[in-house]
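Below is one structure, written out as C-alpha cells, with a few remarks after it.
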Amino acid sequence: KSSQGRLESFFKPA
Amino acid sequence: MLELRLVQGSLLKKVLEAVKDLVNDANFDCSATGFSLQAMDSSHVALVALLLRSEGFEHYRCDRNISMGMNLGNMAKMLKCAGNDDIITLKADDGSDVVTFMFESPTQDKIADFEMKLMDIDSEHLGIPEAEYHAIVRMPSSEFARICKDLSSIGDTVVISVTKEGVKFSTRGDIGTANIVCRQNTTVDKPEEATVIEMNEPVSLTFALRYFNSFTKATPLSNTVTLSLSSELPVVVEYKIAEMGYIRFYLAPKIED
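Taken in order, these protein sequences are the chains called A and B. Using this note's numbering, read the first sequence as starting at 1 and increasing by one per residue. Using this note's numbering, read the second sequence as starting at 15 and increasing by one per residue.
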C-alpha cells in the first residue's frame, strides 16, 4: 500500500 | 514599466498549453534575469517552474521586479488568438491591474491588442535545492509522451526503475500489467533521437501517471525530455526551451506506508 507524497515533504518554503 | 517582445510568439502559446491544465492561477515574476513562474497544482503534488531568460526576447524592459497574478486558463484563451507566426509583446504599466498582449503578424499588416485583468494571488514559493540525482535519463519527448499515454490505458501509477539495463516503465491494472524498457541508444542519426542514461545508483520510484500525462503537454516545446530521479526526491521532468530557458515539472513520488 502506498500514499501520495506532497511537495512540502521534500522542499521547504522559499 | 514592463515591455517584453518575443519574436517567436508561438513559444508562449505552447507554454500556456503546457501548464494551464495543471495550475489554475499563478504569479508570473519578471526581473532582469527573465520571465519566470513557479506554481503548484491544487493538491501540492506537482510543481511547474518556468524560465524564459531576458536574452531570449528581442526587446526586454523590466524597470523593477514585478509579480503579475494571472488566471492561466484566461491567459491561454487570449494567446490562442495570436497566430503561430505572430510576434507577441507583453506590456504592463507600474501599479496597473491589467496586462496587455499585443500580437503582430509577421508582415505587420495586422496588429491586435488584448488586455487581461490581473489578480492577487498568494504565492507559495518552495525552495528547490540543487541535488545530485541517482539517475538522469534523456530521451525523445515524443517517445516519453507515447509511453505515458500507453501505460495510462492499463494502470494509474507507473514505476520508473533505472538500472544498468536501461530505464523501465511499469504499470499494473485490472486488465493486466505492462513493462516498457528503453535501453541507452546513442547510435542514431540525430542527437535528439538518442536515449542517454546516466546512472550513479540504481533507483526505482512510483508516480501517479495522470500527472505525467499532464506534463507531456509540453512536448511541442522540445524534441527531448530529461527525467532526473533520486530515491526520496520528487522527479524532475525537464523540457528545454531552445535559446530561452526551460519548463520543469516536479512530481512527488508515492510513498510506501
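Heads up, the beta-carbon is just placed ideally off N, CA and C, and yes, glycines get one too. None of these values were measured; they are calculated from a predicted model.
{"Asked": "Local Cβ density within 10 Å of VAL62/B, reported as buried at 16 or more and exposed below that", "Found": "buried"}
{"Asked": "Among CYS95/B, LEU25/B, SER155/B, ASP111/B, the one whose alpha carbon lies nearest that of PHE128/B", "Found": "CYS95/B"}
{"Asked": "Endpoints, alpha helix (DSSP H) assigned at GLY87/B", "Found": "86-93"}
{"Asked": "Coarse secondary structure for VAL33/B, derived from DSSP in three states", "Found": "helix"}
{"Asked": "Cβ of ASP188/B within 9 Å of any chain A Cβ", "Found": "no"}
{"Asked": "Minimum Cβ-Cβ distance from SER57/B to chain A less than 9 Å", "Found": "yes"}
{"Asked": "Reference GLU270/B; option with closest CA among PHE221/B, GLY23/B, SER156/B", "Found": "PHE221/B"}
{"Asked": "Contact list for THR47/B against chain A, beta-carbon separation under 7 Å", "Found": "Those do not exist, as THR47/B stays about 15 Å from chain A at its closest Cβ, beyond 7 Å."}
{"Asked": "Beta-bridge pairing of ILE101/B - partner residues as DSSP gives them", "Found": "GLU118/B"}
{"Asked": "Reference ALA53/B, options SER68/B, ALA46/B, ASP35/B, closest by Cα", "Found": "ASP35/B"}
{"Asked": "Reference ALA32/B; option with closest CA among ASP55/B, THR47/B, VAL21/B, MET15/B", "Found": "ASP55/B"}
{"Asked": "Where ALA14/A falls, given that 16 or more other Cβ within 10 Å makes a residue buried", "Found": "exposed"}
{"Asked": "Strand pairing of PHE263/B, partner residues [DSSP]", "Found": "VAL62/B, VAL251/B"}
{"Asked": "Exposure of GLU257/B, with buried meaning 16 or more beta-carbon neighbours within 10 Å", "Found": "exposed"}
{"Asked": "Beta carbon proximity, HIS139/B to chain A, threshold 9 Å", "Found": "yes"}
{"Asked": "ILE161/B in three-state terms, based on DSSP", "Found": "helix"}
{"Asked": "Chain-ordered chain A contacts of ASP271/B [CB-CB under 7 Å]", "Found": "LYS1, SER2, SER3"}
{"Asked": "Same chain only: Cβ atoms within 6 Å of GLU252/B, ignoring 5 sequence neighbours per side", "Found": "THR240, TYR260, ARG262"}
{"Asked": "Cβ-based neighbour list, PRO120/B, same chain, cut-off 6 Å, excluding 5 preceding and 5 following", "Found": "ASP99"}
{"Asked": "Whole-angstrom distance between SER167/B and ARG19/B, CA atom to CA atom", "Found": "41 Å"}
{"Asked": "9 Å Cβ cutoff met for ALA149/B and THR230/B", "Found": "no"}
{"Asked": "Contacts of MET153/B in chain A (Cβ-Cβ under 9 Å)", "Found": "Neighbours of MET153/B on chain A: none; closest Cβ ~24 Å, over 9 Å."}
{"Asked": "Under 7 Å (Cβ pairs) to chain A, residues found in the region 150-183 of chain B", "Found": "none"}
{"Asked": "Segment limits, alpha helix (DSSP H) that includes SER3/A", "Found": "First-last for SER3/A: 2-4, but that is the beta strand (DSSP E), not the alpha helix (DSSP H)."}
{"Asked": "Cβ of TYR147/B within 9 Å of any chain A Cβ", "Found": "no"}
{"Asked": "Segment contact, 8 Å Cβ cut-off, at least three pairs: the region 78-85 of chain B with the region 129-141 of chain B", "Found": "yes"}
{"Asked": "Residues bridged to GLN52/B (per DSSP)", "Found": "ALA63/B"}
{"Asked": "Through-space distance from PHE71/B to ARG78/B, alpha-carbon basis", "Found": "17 Å"}
{"Asked": "Chain A contacts made by the region 238-269 of chain B, where a contact means CB separation under 8 Å", "Found": "GLU246, LEU247, PRO248, TYR264, ALA266, PRO267, LYS268, ILE269"}
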